[in-house]
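What follows is a short report on a single structure.
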Amino acid sequence: MKTGFFLHPESALHDTGWNHPEHQGRLRYLASTVGKDLLVLHERVDQFESPSATDEDLLRVHSPAHVEGVREAWLRARPDSETGRGEGSGGGIQSLDPDTKVSAHSWQAALGSAGGAIEAVRKVASGELANAFVATRPPGHHATPSHPMGFCLFNNVAVAARALQADGLAERILIVDWDVHHGNGTQDVFYSDPSVYFMSLHQSPFYPGTGAAHERGAGEGEGTTLNVPLPAGLSRSEWAGHFESALDRARAEFDPNFVLISAGFDALAQDPLGGMLLEPEDFHGFTRQVMDVADEACSGRVVAVLEGGYHPKRTALAAVAVIRALAGVELDATPTPFAVG
0 MKTGFFLHPE
10 SALHDTGWNH
20 PEHQGRLRYL
30 ASTVGKDLLV
40 LHERVDQFES
50 PSATDEDLLR
60 VHSPAHVEGV
70 REAWLRARPD
80 SETGRGEGSG
90 GGIQSLDPDT
100 KVSAHSWQAA
110 LGSAGGAIEA
120 VRKVASGELA
130 NAFVATRPPG
140 HHATPSHPMG
150 FCLFNNVAVA
160 ARALQADGLA
170 ERILIVDWDV
180 HHGNGTQDVF
190 YSDPSVYFMS
200 LHQSPFYPGT
210 GAAHERGAGE
220 GEGTTLNVPL
230 PAGLSRSEWA
240 GHFESALDRA
250 RAEFDPNFVL
260 ISAGFDALAQ
270 DPLGGMLLEP
280 EDFHGFTRQV
290 MDVADEACSG
300 RVVAVLEGGY
310 HPKRTALAAV
320 AVIRALAGVE
330 LDATPTPFAV
340 G
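Oh and the sequence shown: position 299 is 298 in numbering that gives the first Met the number 0, straight run, nothing missing.
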């Protein structure tokens, strides 16, 4: 079986303004870089256009007011049919908060991102694919059940997890979040839910101010949240050691039948919004470790979903590293018997 790479064409058109860290160039650079690598991975990786999520999909995670608020902002941002200009006072870009923007293509981009995550997990759960990487934009892990925030409109990983459960394809899901920012939205969705284990390594103190080690879940979900706050500037080897220990602990405390990765790449050195020192090759290793857990627990069923990463070139290289790990290819290997220039 092959690895899937999922991308929705509208995601690159989600317009936050070129001065915004989460700008259109992020996904365009990633898609171009991954596309070139797919030329030599074509026997191991298939590309798919992401379908759109439905309101039913979103409402398993988000409140009706949340969904309608994003939709209404998008309607205000759409071009007027006569003038070609945005109807809202933002000149076509609407602000949901100081960080989170909506523009004329944002609704389709958000539905395509969530829909791509759903389609990927369904294909992996059904055995059509071995595993998958979903190039989502906008990202998702800060979106709470009731509010978009932190560049995120809908929580793509959470929506995918709930779709797996609703379809009867998986009951117990492990979410591994290595984004440099704590996935507060994902934690909020599942904090009292014993069927989903949320593990996060993140820089602290840092945005959004959540993710303390004592936050371990509530009620029936007590013990199924694991936060590992890390200081800025931690060495690569120290970060890797914390990751290995956290993953071992998560596996000891939880027996998943599906694994999702919130694959943010803003812990890379040189990222303008992070303060960590990781390199793209580190993410190849982290992915292989998660795959080992998935191989042992759930027949290798794992899907990685893009979150942050604001140095476009280095984010793209890290995405390639993850896809190569999923496909069982080393970073410096040429997996086909011919060279591609």
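We treat Cβ as the ideally placed atom computed from N, Cα and C, and that holds for glycine.
These numbers come from a predicted model, not from an experiment.
{"Item": "Rounded straight-line distance, which links the Cα of A324 to that of H41", "Value": "15 Å"}
{"Item": "Boundaries (first-last residue) of the alpha helix (DSSP H) holding N154", "Value": "Taken as a continuous stretch (DSSP letters only), N154 belongs to no alpha helix (DSSP H), as it is neither H nor E."}
{"Item": "Host beta strand (DSSP E) of S199 (start-end)", "Value": "195-202"}
{"Item": "Reference T113, options P50, V44, W177, V175, closest by Cα", "Value": "The question names Thr, but residue 113 is Ala in the sequence shown. Comparing Cα positions, the closest option is P50."}
{"Item": "Backbone CA spacing between V101 and H7 [nearest angstrom]", "Value": "17 Å"}
{"Item": "N183 - DSSP class collapsed to helix/strand/coil", "Value": "helix"}
{"Item": "7 Å Cβ shell around T185 - same chain, five flanking residues per side excluded", "Value": "H140, N154, V156, A157, I174, D176, F197, S261"}
{"Item": "Closest by C-alpha distance to S62, when choosing among G216, F264, D247, A142", "Value": "A142"}
{"Item": "Unbroken alpha helix (DSSP H) run spanning E252, endpoints", "Value": "235-252"}
{"Item": "Closest residue to F189 among G167, G220, H213 (Cα-Cα distance)", "Value": "G220"}
{"Item": "Buried or exposed (CB count within 10 angstroms, at least 16 for buried), Q269", "Value": "exposed"}
{"Item": "Contact between the stretch 207-221 and the stretch 242-251 (3+ Cβ pairs under 8 Å)", "Value": "no"}
{"Item": "Span of the beta strand (DSSP E), counted from its first residue to its last, around L6", "Value": "2-6"}
{"Item": "Beta-carbon contacts of R136 that lie in its chain and below 8 Å, excluding the five residues immediately before and after", "Value": "S10, A11, H13, E21, R25, L26, A108, S112, L305"}
{"Item": "Among A162, L168, R171, Y206, the one whose alpha carbon lies nearest that of H181", "Value": "Y206"}
{"Item": "Which residues DSSP lists as bridging A131, in chain order", "Value": "G3, V302"}
{"Item": "Supposed close pair T2, N183 - CB separation, criterion 8 Å", "Value": "With 8 Å as the limit, T2 and N183 do not qualify as a contact, their Cβ atoms being about 29 Å apart."}
{"Item": "Beta strand (DSSP E) runs wholly inside the stretch 90-174, at least 3 long, in chain order", "Value": "130-134"}
{"Item": "Assigned exposure category for M0 - 16 Cβ within 10 Å defines buried", "Value": "exposed"}
{"Item": "E127, buried or exposed, once every other Cβ within 10 Å from all chains shown has been counted against 16", "Value": "exposed"}
{"Item": "Where A262 sits in the DSSP three-state scheme", "Value": "strand"}
{"Item": "Whole-Å CB distance - F406 paired with G115, under 8 Å assumed", "Value": "In the structure as shown, the chain starts at 0 and stops at 340, and residue 406 therefore has no counterpart that could be examined."}
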